[in-house]
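Here is the structure we will look at.
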Amino acid sequence: MAGVGDQLFGMHGNALALRSQRLALLASNIANAATPGYKARDIDFGKALAAASDGASVDKAAGDALGYRVPLEPSLDGNTVELSTEQTIFAENAVQYRTTLSFLEGRINTVMQALKGE
900 MAGVGDQLFG MHGNALALRS QRLALLASNI ANAATPGYKA RDIDFGKALA
950 AASDGASVDK AAGDALGYRV PLEPSLDGNT VELSTEQTIF AENAVQYRTT
1000 LSFLEGRINT VMQALKGE
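In structure tokens form, the structure reads like this:
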């Protein structure tokens, strides 16, 4: 049975949580760009959101959609982080996070106005 939050926010609550987890993972990739043997990871956002929308917890959905990034140019030390790629994906995900957050803020403001009778 869907909760009030699910009815009010739809998939956007799950999307915000998944985007947050993805930001943390991408930040970890960037922080480990010089660590020998570090393997860059990422979450397949579409797959994770579909699983979360089907009832899986956000953590389980993110874990099931977690994978390793294949580098365009492998490094000699085994590190698969390509800094420019990670920074671009991080920036894109940050913009998408903010967009989802703005949508949710608008939804909350609408509910608050309705409760106040405005």
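When we follow this note's numbering, the leftmost residue of the sequence shown carries the number 900, and every step to the right adds one.
In this text, a Cβ means the ideal position worked out from N, Cα and C, and glycines have one as well.
Note that the structure is predicted; figures quoted are calculated from it, not measured.
Within the region 933-1004, the runs of alpha helix (DSSP H) that reach at least 4 residues and sit entirely inside it are, in chain order, 944-952, 957-963. Nearest neighbour of L982 by Cα position, chosen from E1004, K938, I1007, turns out to be K938. Under the three-pair Cβ rule at 8 Å, the region 927-941 counts as touching the region 974-993.
Distance from the Cα of L925 is smallest, within the candidate group V1010, A951, D941, for D941. In this structure, DSSP gives N913 a helical state, which the three-state scheme calls helix. Fewer than three pairs of CB atoms, one per stretch, sit closer than 8 Å, so the region 962-975 makes no contact with the region 1005-1014.
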